[in-house]
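Chains as they are written, first to last, in my numbering: chain P, 8 to 306; chain S, 5 to 269. Have a look at the structure below, then the notes.
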């Protein structure tokens, strides 16, 4: 269980995270979505007690993270796979963590096997690792203490498609066994496949959150007409504006029935009329956060 | 990959803060910090160079010093020079590499009580200083035996006070390195300033008349000289104490505050 309440972080006058609240329940995977620079990593660092918040609180397993004596046994954390000493071997990194947490040294070998790093890779120094291998090492590190909660910042970065698929299975199984997972990404598609809760953040503020199924259901209707201009006029008449999807359709924030009736009344020929689903969610994600990421990019 | 491999039982997931959240013991943390000093190529080589340096000093004395100077005590005090210079670097890197290599992220995620990590680093530093002293003693003993064979003086007399003072000096310099490292959190800057500031201070103290009396109290290079001789007076201890407070305690305290407060990213 992770509880975040009104968490805020200011750097000078710049609000990096602004009044963010959400909870992650046991048995679920929560996808934490947002473009680069939206405040995902800052929020996760505040949850883990690495960054002091300007306001608000965060608790993990009911306790502020910094009050946990040996957090590795309850919470597996991967915030940045590259933040390892370049001169240590993969096995040594895990051995140090195992010694710190007080877990059996045999767990080191098991964890390496679990994430698919073989004996040769384990003996190499981290500076020779690819980003994908670092992510695997980071996951092994997070799973080492047999935690019931996982906090992972962009763990799929640098993984190949097979690795991403493998990680989804791992996280799904972890949550199905009663674990809690908080997983961040800037790619909707990536978390959509595994998350059952979504928290969308843009410019430091939460712009949407809820069960994935609900968000998908609320993401509107795709409609495509033979005569696109006429459809625009019809939509305008009933007080709706559509946003153009990439495939030539139009996404409308209204139930299919409303749009269908209006089209029938006007005698329009429709080629497509269906719930927008994830396409609509992506559209929403882009509109809600696009302005922010552009601002971030030119800063 | 099965569910059994990773998934915790729901009972574990639901359990409140239990015995598993007990603080990590300081002894265990100290062992880990000692291990971290030697588990990278650079750290290991620094330790090897310190050992080679201690052995090298014995060779120099045996090869070039007059027979009368080849005593156990002489070999020992001269043998401490390399570790006196290099152990502080080990201390500096112990603090700064957490930030330059960004391992602070995992270190403080596993041990959120940052003060305990700092305490463990200090303890590891003291232990390694003592180990260096013992190693130098061993090298000096072997060299003295060889010296006797080569016609050196070969006296085995070593004043107990001198031994304790030498160990203290090693510890002081390691702690000073740790203090500079914690305060600056940047390896090259800390190493350069560690060697430059006391030297510059010594030169200024020599050159400028007004600083003369101040330097007698605040120049650690000067106040620590009596440590390598027997029969230190109360006044000498007082001067040493003042310069230790300025050059070792102050950086350690300020550095600790900085590490405790700093945002880790």
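Beta carbons are placed, not taken as given, at the ideal position from N, Cα and C, and that holds for glycine.
So which residues on chain S does residue i lean against when the C-beta distance must stay under 8 Å?
i: residue 91 (chain P); result: 105, 106, 107, 110
i: residue 103 (chain P); result: 36, 39, 40, 43
i: residue 52 (chain P); result: 267, 268, 269
i: residue 148 (chain P); result: 110
Using a Cβ cut-off of 7 Å (strictly closer), state whether residue i contacts chain S.
i: residue 36 (chain P); result: no
i: residue 107 (chain P); result: yes
i: residue 86 (chain P); result: yes
i: residue 99 (chain P); result: yes
i: residue 18 (chain P); result: no
i: residue 165 (chain P); result: no
i: residue 306 (chain P); result: With a pLDDT of only 42 at residue 306 (chain P), under the threshold of 50, the placement of this residue in the model should not be trusted; the figure read from the coordinates follows. No, residue 306 (chain P) lies away from the interface with chain S (no Cβ there is under 7 Å from its Cβ).
i: residue 143 (chain P); result: no
i: residue 43 (chain P); result: no
i: residue 79 (chain P); result: yes
i: residue 73 (chain P); result: yes
i: residue 256 (chain P); result: no
i: residue 307 (chain P); result: Here chain P has residues from 8 to 306 only, and residue 307 (chain P) is not among them.
Would you say residue i faces chain P, with C-beta separation under 7 Å as the test?
i: residue 270 (chain S); result: Because chain S is modelled from 5 through 269, residue 270 (chain S) falls outside the range shown and cannot be assessed.
i: residue 132 (chain S); result: no
i: residue 27 (chain S); result: yes
i: residue 121 (chain S); result: no
i: residue 4 (chain S); result: The question about residue 4 (chain S) has no answer, for chain S in this structure spans 5 to 269.
i: residue 52 (chain S); result: no
i: residue 11 (chain S); result: Confidence at residue 11 (chain S) is low in this model, with a pLDDT of 42, below 50, so the placement of that residue should be treated as unreliable; the coordinate-derived value is given next. By this cut-off, residue 11 (chain S) is an interface position.
i: residue 279 (chain S); result: The question about residue 279 (chain S) has no answer here: the residues shown for chain S are numbered 5 through 269.
i: residue 263 (chain S); result: no
Just to make sure I have the definition right: I need the residues of chain S whose C-beta is within less than 7 Å of the C-beta of residue i. Which are they?
i: residue 94 (chain P); result: 44, 45, 46
i: residue 55 (chain P); result: 113
So, at 8 Å on beta carbons, what are the nonlocal neighbours of residue i in its own chain, with the 5 sequence-adjacent residues on each side left out?
i: residue 218 (chain S); result: 209
i: residue 202 (chain S); result: 223, 224, 225, 251
Could you name the residues of the same chain whose beta carbon sits closer than 6 Å to that of residue i, not counting the 5 residues immediately before and after it, in chain order?
i: residue 169 (chain S); result: 231
i: residue 264 (chain S); result: 118
i: residue 256 (chain S); result: 183
i: residue 162 (chain S); result: 76, 77
Within the same chain, show all residues whose beta-carbon is closer than 7 Å to that of residue i, passing over the 5 residues directly before and after it, in chain order.
i: residue 195 (chain P); result: 40, 288, 289, 292
i: residue 154 (chain S); result: 66
i: residue 139 (chain P); result: 165, 166, 167, 170
i: residue 259 (chain P); result: 227, 228, 230, 242, 247, 249, 266
i: residue 364 (chain P); result: Given a span of 8 to 306 for chain P in the structure shown, any question on residue 364 (chain P) remains unanswerable.
Using a cut-off of 9 Å between C-beta atoms, extract the partners of residue i located in chain P.
i: residue 206 (chain S); result: Going along chain P, no residue has its Cβ under 9 Å from residue 206 (chain S), so there is no contact; the nearest lies around 34 Å.
Cβ closer than 9 Å: which chain S residues qualify as neighbours of residue i?
i: residue 58 (chain P); result: 267, 268, 269
Assuming residue i contacts residue j under a Cβ cut-off of 8 Å, what Cβ separation, rounded to an integer in Å, is found between them?
i: residue 278 (chain P); j: residue 270 (chain P); result: Actually they do not touch by this definition, with Cβ atoms about 11 Å apart.
i: residue 200 (chain P); j: residue 34 (chain P); result: Not a contact, Cβ separation roughly 18 Å.
i: residue 147 (chain S); j: residue 62 (chain S); result: 3 Å
i: residue 101 (chain P); j: residue 135 (chain P); result: That pair is no contact at about 16 Å.
i: residue 231 (chain P); j: residue 257 (chain P); result: 7 Å
i: residue 91 (chain P); j: residue 107 (chain S); result: 6 Å
i: residue 104 (chain S); j: residue 191 (chain S); result: 5 Å
i: residue 44 (chain P); j: residue 85 (chain P); result: At roughly 20 Å, the Cβ-Cβ gap does not stay under 8 Å, so residue 44 (chain P) and residue 85 (chain P) are not in contact.
i: residue 73 (chain P); j: residue 156 (chain P); result: That belief does not hold up - the Cβ atoms of residue 73 (chain P) and residue 156 (chain P) are roughly 15 Å apart, past 8 Å.
i: residue 36 (chain P); j: residue 179 (chain P); result: 7 Å
i: residue 79 (chain P); j: residue 152 (chain P); result: 4 Å
Report whether the distance from the Cβ of residue i to the nearest heavy atom of the ligand SAH is below 6 Å.
i: residue 272 (chain P); result: The ligand SAH is not part of the structure shown, which contains no ligands of any sort.
Mind pulling the chain P residues with CB within less than 8 Å of residue i?
i: residue 98 (chain S); result: Correct list: empty, because the minimum Cβ distance to chain P is about 12 Å.
i: residue 101 (chain S); result: 92
i: residue 32 (chain S); result: 106, 107, 109
Under 7 Å, Cβ to Cβ, is there at least one residue of chain B near residue i?
i: residue 178 (chain P); result: The structure shown contains no chain B; its protein chains are P and S.
Segment contact flag, the stretch 23–39 of chain P with the stretch 196–212 of chain P, C-beta cutoff 8 Å, min 3 pairs: yes
Pairing CB atoms from the stretch 158–177 of chain S with CB atoms from the stretch 83–94 of chain S, are three or more of them under 8 Å? yes
Using 8 Å as the cut-off, can you tell me whether the stretch 179–186 of chain S makes contact with the stretch 96–112 of chain S, which would need three or more C-beta pairs spanning the two stretches below that distance? yes
Can you confirm whether the stretch 159–167 of chain P touches the stretch 185–202 of chain P when touching is taken to mean that 3 or more C-beta pairs between the two stretches lie within less than 8 Å? yes
The stretch 63–83 of chain P touching the stretch 10–21 of chain P, judged by at least three CB pairs closer than 8 Å: yes
For the 8 Å Cβ check, are there 3 or more pairs between the stretch 28–46 of chain S and the stretch 115–129 of chain S? yes
Counting pairs of beta carbons, one from the stretch 122–135 of chain P and one from the stretch 128–145 of chain S, are three or more of them closer than 8 Å? no
Meets three-Cβ-pair contact criterion under 8 Å: the stretch 101–111 of chain P and the stretch 46–62 of chain P: no
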